[in-house]
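**Q** Sharing a structure below in structure tokens format, with a few things to ask.
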Amino acid sequence: MFKRVKEDIDMVQELDPAATSRMMVFLTYSGMHAIWGHLVANWFYKRKMHVIARIISQLNRFLTGIEIHPGATIGRRLFIDHGMGIVIGETTIIGNDVTLYQGVTLGGTGKEKGKRHPTIEDKVLVATGAQVLGNITIGEGTNIGANSVVLKNVPSYSTVVGIPGHIVRRHGKRVPSDTLNHRNLPDPILNKILDLEKEISEFKQKERNEVKDGSHI
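The sequence shown runs 1 to 217 under the UniProt record's numbering.
Here is the structure:
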């Protein structure tokens with residue numbers, strides 16, 4: 001446990017320029033506190049003491065603002081930066097050297113049994129507000145953009161953005177497809193508004209034509 005604490009503090013100091021001292025990191029970084037609390041809850045969960053595990057996880061949530069189900073599997077050196085509002089589901093598997101920002105959800109999509117939460121492989125970054133849902137795999141080295149909603153498997157070393165999430169880069173190269181251009185994703189609400197405006201315009205034009213035709217009678 002002490003080795004894990006030292007490793008996590010070293011990791012935060014390496015990644016976060018605001019981490020100016022080991023003591024500050026140890027006392028004030030809620031992301032690390034949430035992970036350490038989860039390790040305790042997970043110990044009880046693996047030994048079928050689920051009630052105690054859930055009590056610890058809920059206390060952990062109250063203190064840190066980060067909800068990690070005690071059944072989740074978390075690798076080493078998970079960096080949770082400004083972690084308020086993060087939710088990690090029961091069957092989630094997180095690899096090593098992963099970074100999560102505030103508001104991220106690693107959740108399920110329904111009431112299915114068994115593995116129903118994502119698998120996040122090594123060196124993945126999930127940006128602010130992103131939602132990764134269902135029994136899917138996010139490949140090693142992938143970056144998921146802020147507020148993206150990812151519902152399908154993502155291959156390694158990809159960049160995913162948009163709602164729903166689309167791959168825009170792989171291995172640092174832009175994916176050559178107009179359908180993956182996140183700036184032109186379909187907007188069903190806007191499309192409906194445009195359709196209504198078109199119908200109103202056509203109706204007004206029809207009324208004007210009827211008035212015009214009637215004035216010649």
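Note that the Cβ used here is the ideal one computed from N, Cα and C, for glycine as well. Note that this is a predicted model, so its numbers are computed, not measured.
So is T64 buried or exposed if we call it buried at 16+ other beta carbons inside 10 Å?
**A** As a working note, residue 64 is residue 64 in the sequence shown. Label assigned to T64: buried.
**Q** CB E90 to CB H117, shorter than 8 angstroms?
**A** Mapped onto the sequence shown, residue 90 falls at position 90. Mapped onto the sequence shown, residue 117 falls at position 117. Contact flag set, yes.
**Q** Rounded to a whole number of angstroms, what is the C-alpha to C-alpha distance between Y29 and V154?
**A** The residue given as residue 29 occupies position 29 in the sequence shown. The residue given as residue 154 occupies position 154 in the sequence shown. Approximately 30 angstroms, taken between the alpha carbons.
**Q** Please state whether the Cβ-Cβ distance between N135 and T159 is less than 8 angstroms.
**A** Within the sequence shown, residue 135 is the residue found at index 135, counting from 1. Within the sequence shown, residue 159 is the residue found at index 159, counting from 1. Taking 8 angstroms as the Cβ cut-off, N135 and T159 do not qualify as a contacting pair.
**Q** Since Q102 and I86 should fall inside the 8 angstroms C-beta cutoff, what is the C-beta to C-beta distance between them, to a whole number of angstroms?
**A** Translated into the one-based positions of the sequence shown, residue 102 becomes position 102. Translated into the one-based positions of the sequence shown, residue 86 becomes position 86. The pair is a contact, with the Cβ atoms about 7 angstroms apart (cut-off 8 angstroms).
**Q** Assuming F44 and A53 are in contact, meaning their beta carbons sit under 8 angstroms apart, how far apart are those beta carbons, in whole angstroms?
**A** Translated into positions along the sequence shown, residue 44 becomes position 44. Translated into positions along the sequence shown, residue 53 becomes position 53. With 8 angstroms as the limit, F44 and A53 qualify as a contact, their Cβ atoms being about 4 angstroms apart.
**Q** Which term fits T179, buried or exposed, when burial requires 16 or more other beta carbons within 10 angstroms of its beta carbon?
**A** The count along the sequence shown starts at 1 and reaches residue 179 at position 179. Confidence at T179 is low in this model, with a pLDDT of 40, below 50, so the placement of that residue is unreliable and no value is reported for it.
**Q** Whole angstroms is fine: what's the gap from D122's alpha carbon to E140's?
**A** Working through the sequence shown from its first residue, we reach residue 122 at position 122. Working through the sequence shown from its first residue, we reach residue 140 at position 140. For D122 and E140, the distance between alpha carbons rounds to 5 angstroms.
**Q** Using only the alpha-carbon positions, how far apart do D16 and I93 sit?
**A** Translated into positions along the sequence shown, residue 16 becomes position 16. Translated into positions along the sequence shown, residue 93 becomes position 93. Their Cα atoms are separated by approximately 24 angstroms.
**Q** Grab me the residues of G37's own chain with a C-beta within less than 6 angstroms of its C-beta, minus the 5 sequence neighbours each way, in chain order.
**A** What you label residue 37 is simply residue 37 of the sequence shown in a count that begins at 1. The answer, listed in chain order, is N60.
**Q** Do V104 and A130 have their C-beta atoms within less than 8 angstroms of each other?
**A** The residue labelled residue 104 in the question sits at position 104 within the sequence shown. The residue labelled residue 130 in the question sits at position 130 within the sequence shown. Yes, the Cβ-Cβ distance between V104 and A130 is below 8 angstroms.
**Q** Consult DSSP for E67 and reduce its assignment to one of helix, strand or coil.
**A** Indexing the sequence shown from 1 puts residue 67 at position 67. Judged by DSSP in its simplified three-state form, E67 adopts strand.
**Q** Would a C-beta distance cut-off of 8 angstroms place N106 and V124 closer than the cut-off?
**A** The residue you call residue 106 lines up with position 106 of the sequence shown. The residue you call residue 124 lines up with position 124 of the sequence shown. Checking the sequence shown, residue 106 turns out to be Leu, not Asn. For L106 and V124, no; Cβs fall outside 8 angstroms.
**Q** Mapping the DSSP letters down to three states, classify V25 as helix, strand or coil.
**A** Counted from its first residue, the sequence shown places residue 25 at position 25. V25 falls in the helix class under three-state DSSP.
**Q** Pick out whichever of V161, E197 and I138 has its Cα sitting closest to the Cα of V149.
**A** Position 149 of the sequence shown, counting from 1, holds the residue named residue 149. Of V161, E197 and I138, the residue nearest in Cα terms is V161.
**Q** As an exercise, report each continuous alpha helix (DSSP H) stretch of at least 4 residues that is fully enclosed by the segment 106-174, in chain order.
**A** none
**Q** Taking the alpha-carbon positions, what's the I66 to Y157 distance?
**A** Counting from one through the sequence shown, the residue named residue 66 turns up at place 66. Counting from one through the sequence shown, the residue named residue 157 turns up at place 157. Straight-line Cα distance between these residues: approximately 27 angstroms.
**Q** Measuring alpha carbon to alpha carbon, tell me which of M23, T128, Q58 and M32 ends up nearest I74.
**A** Translated into positions along the sequence shown, residue 74 becomes position 74. Minimum Cα distance to I74 is reached at M32.
**Q** Between the beta-carbon of A18 and the beta-carbon of I68, is there less than 8 angstroms?
**A** Working through the sequence shown from its first residue, we reach residue 18 at position 18. Working through the sequence shown from its first residue, we reach residue 68 at position 68. Their beta carbons are not under 8 angstroms apart, which means A18 does not touch I68 by this criterion.
**Q** Pop quiz: V5 and Q13 are said to be a contact at Cβ under 8 angstroms. What is the actual Cβ separation, rounded to whole angstroms?
**A** As a first step, residue 5 must be located in the sequence shown, where it is residue number 5. As a first step, residue 13 must be located in the sequence shown, where it is residue number 13. Not really, about 13 angstroms apart at Cβ, beyond 8 angstroms.
**Q** Suppose you measure from the CA of M11 to the CA of F79; what does that come to, to the nearest Å?
**A** Stepping through the sequence shown from its first residue, residue 11 is reached at position 11. Stepping through the sequence shown from its first residue, residue 79 is reached at position 79. Cα-Cα distance, rounded: 8 angstroms.
**Q** What's the gap between the Cα of D81 and the Cα of A146?
**A** Position 81 of the sequence shown, counted from the first residue, corresponds to residue 81. Position 146 of the sequence shown, counted from the first residue, corresponds to residue 146. Straight-line Cα distance between these residues: approximately 14 angstroms.
**Q** Which value, in whole angstroms, describes the spacing of the CA atoms of G71 and G165?
**A** What you label residue 71 is simply residue 71 of the sequence shown in a count that begins at 1. What you label residue 165 is simply residue 165 of the sequence shown in a count that begins at 1. Going by the C-alpha atoms only, they are around 27 angstroms apart.
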